[in-house]
Structure formats: C-alpha cells, structure tokens
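*Asks:* Residue numbers (the numbering used here), protein chains in the order written: chain F, 1 to 152; chain D, 1 to 145.
Glycine included, every Cβ here is placed at the ideal spot set by N, Cα and C.
Bear in mind that the values here come from a model prediction, so they are computed numbers and not experimental data.
Before we start, here is the structure in question, set down as structure tokens.
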Amino acid sequence: MSEDQIFEYFHSEIVNYLYNEKTGNDLSALEYIGYASGYRLIERLTREWPRFKDELDTMKFICTDFWSVIYKKHIDNLRTNHQGVYVLQDNAFPFLTKISDGSEKLEHAPKYVAFTCGLIRGSLANLGINSTVTAEVQTMPSCKFHIQVNRT
Amino acid sequence: MTIYNMYVFDKYGTLLYYGEWNRLRKSGITEQEEAKLMYGMLYSIKSFVCKISPIDTKEGFLYYKTNKYALHYLETPSGLRFVLNTDIGATNVKEFLQQIYAKIWVEYVVKDPLWTPGSPVSSDLFKLKLDDFIKQSSLYGIRTI
Numbered sequence: 001m002s003e004d005q006i007f008e009y010f011h012s013e014i015v016n017y018l019y020n021e022k023t024g025n026d027l028s029a030l031e032y033i034g035y036a037s038g039y040r041l042i043e044r045l046t047r048e049w050p051r052f053k054d055e056l057d058t059m060k061f062i063c064t065d066f067w068s069v070i071y072k073k074h075i076d077n078l079r080t081n082h083q084g085v086y087v088l089q090d091n092a093f094p095f096l097t098k099i100s101d102g103s104e105k106l107e108h109a110p111k112y113v114a115f116t117c118g119l120i121r122g123s124l125a126n127l128g129i130n131s132t133v134t135a136e137v138q139t140m141p142s143c144k145f146h147i148q149v150n151r152t
Numbered sequence: 001m002t003i004y005n006m007y008v009f010d011k012y013g014t015l016l017y018y019g020e021w022n023r024l025r026k027s028g029i030t031e032q033e034e035a036k037l038m039y040g041m042l043y044s045i046k047s048f049v050c051k052i053s054p055i056d057t058k059e060g061f062l063y064y065k066t067n068k069y070a071l072h073y074l075e076t077p078s079g080l081r082f083v084l085n086t087d088i089g090a091t092n093v094k095e096f097l098q099q100i101y102a103k104i105w106v107e108y109v110v111k112d113p114l115w116t117p118g119s120p121v122s123s124d125l126f127k128l129k130l131d132d133f134i135k136q137s138s139l140y141g142i143r144t145i
C-alpha cells in the first residue's frame, strides 16, 4: 500500500520537475527515464521465465505480469493487426484515476503517460523488440498505448 | 437527518473547500468572509476549550449543538480542519468525518497530481466523489424520527 503511494507521488513530482513552462512540450526526458527503468526492470522480472515464443507472447507478458508488477492490475484489452501494431488499453490507468475528467484537465494527460510509454519501450527493447510507443487519452482515466514495432 | 454544509480549512486558515447540500438559510455575506468568520470562531473555541478544561484533554473540541443544528469538527494531525453542519439527531459524525478524510480527501485531493498543497480544491472528481459519499450515507436525507 504505502510503497505504491511513494511511487505515485514520486512520479507526479518527476513530472512536475521535468515538465514545466520553461521546457515546454518536451516529454523526451520523461520518456527516457521510463525507457531506462523498463530496460533494467525486465532483467529481474523475466529471470524465472522461459524465452518467449513470439512477439505476441511477449506482448501478453507485458499486459499481464509486467503490468501487475508495476500497477497491480492487468491491461484491460490487447488488440493487434498482426503486422506489428499493438494497442494496449487500460480503462483505469492509475496515474490518471485521481485527476478529474474535463477538457481543460485533459491537456495535462500526456505528461502523465510519457513515463509509461518509455517503460514499455524500454522493456520491449531488452526483450529484443525495437518499437515506438505512443499513448492516447480520450477520456480520463482510460488510456490506450499504441506500440508500433520497428522492423529492420 | 440531514447534512447542511461542509468546510475544509488548512492549518493556516485557508478555505480549501466548501460544499453545500441542504442549506436553507444564507449568511448574507460572501463565502470568503463567512470562511474567515468560521475559522476565527473555531480557533477561539479551540483555545477556549483547551484553557478552561479542568482535566487533560486528548482531542479538545469535538462539536457544538444549538437547538436547530450541530457543528462537528475534526482536526487531523497535519492541521486540516473538517467542519460539518448537520441536524441535531446525527450520530457518529466523527467517524463519518474521518472516513471523508481518509477515503475522499486523501484519495482524490492529496493524490491528485494537479492539486497544489495549500490551494483551494477545484477538482470535479473530488466534488463528485464527495457528493456521492455524502448522499449515500445514512446521515443524509433519511428522517428517522
């Protein structure tokens, strides 16, 4: 209970610190923190795991085990076009559940999801999948993470 | 039973939130003036109760009652002050205020990253949750006698 709160408060302060009027709309630092955390986190989380069969298997791991370690819940919906695009939908994304809904608050949403975008990208990178992750918030507190796998 | 209105002050006397449900009579002054008056009175009562008490008190001032309404007071260790006006039949209001603090205030104000500590609460989500919580409670709207 209390360690979740620390994570929540810490995250919101990092957002406040990195994202203010001076730096403008630059979310890259926040995203990078997420990337580095995700990259390291995966080392420890997967040590009991066999290798993943394929990309979809890896995504399922992200949606269930990975998500429950960080947010104590599962992703509500996973969709894919089987061509490298995955959409992860969380209907009550924890960083957004305490913010009130409304159009003027909605503009604050991107800065609270940037860290998590990086987190997903970093963990996938360490599992051998290079990707681009973006997030989309239409109504609070629901959030969609779009993962575009980069094939080379 | 019914709940009339609620004030939340911080330790410096700033009005953080004011909510109104069944208030029948207006004070005729602005909300800010009324808040100052209310805070001043609470401050006085608190020090009066402490000074005049013949024994050591743990909690100090808890509530007062007139013929028509009761004012319940909860002060947290951090200095937040919750004030709730109910009719005189209301019971267990102290626990109720504690629940408002723990379940609504901490969850939807303290954990709201867009709220700056010490500033008035503008979150619609908090207002909504507080409204629901008040209206679902047995203190609200049900006439037992």
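(1) Report the rounded CA-to-CA distance for Y19 of chain F versus V85 of chain F, giving the unit in angstroms.
(2) Counting only runs that start and end within the region 82–148 of chain F, where is the alpha helix (DSSP H) found for 4 or more residues in a row?
(3) Can you list the residues of chain D that E3 of chain F reaches, using a CB-CB cut of under 8 Å?
(4) Which stretch, first to last residue, makes up the beta strand (DSSP E) that contains A90 of chain D?
(5) Using a Cβ-Cβ cutoff of less than 6 Å, which residues in the same chain neighbour R81 of chain D once the five nearest sequence positions on both sides are dropped?
(6) Taking the alpha-carbon of L97 of chain D as reference, which of D:P117, D:K58, D:S137 has the nearest alpha-carbon?
(7) Go to F9 of chain D, then tell me how far its alpha helix (DSSP H) extends in each direction, as first and last residue.
(8) Alpha carbon to alpha carbon, how far is N22 of chain D from K94 of chain D? Give it in angstroms, no decimals.
(9) Would you report the Cα separation of K11 of chain D and T66 of chain D, rounded to the nearest angstrom?
(10) At the level of alpha carbons, what is the spacing between R151 of chain F and C143 of chain F?
(11) Do L16 of chain D and V110 of chain D have their CB atoms nearer than 9 Å?
(12) Could you give the DSSP three-state label for L114 of chain D: helix, strand or coil?
(13) For the region 82–103 of chain F, enumerate the residues whose C-beta is nearer than 8 Å to any C-beta of chain D, in chain order.
(14) Look at G34 of chain F and A92 of chain F and say whether their C-beta atoms are less than 9 Å apart.
(15) Under three-state DSSP, which class holds L78 of chain F?
*Replies:* Straight from the coordinates:
(1) 29 Å
(2) 103–106, 109–126
(3) Going along chain D, no residue has its Cβ under 8 Å from E3 of chain F, so there is no contact; the nearest lies around 14 Å.
(4) Where A90 of chain D is concerned, there is no enclosing beta strand (DSSP E), given that its DSSP letter is neither H nor E.
(5) F9, E75
(6) D:S137
(7) First-last for F9 of chain D: 3–9, but that is the beta strand (DSSP E), not the alpha helix (DSSP H).
(8) 20 Å
(9) 26 Å
(10) 25 Å
(11) no
(12) coil
(13) F95, K98, I99, S100, D101, G102
(14) no
(15) strand
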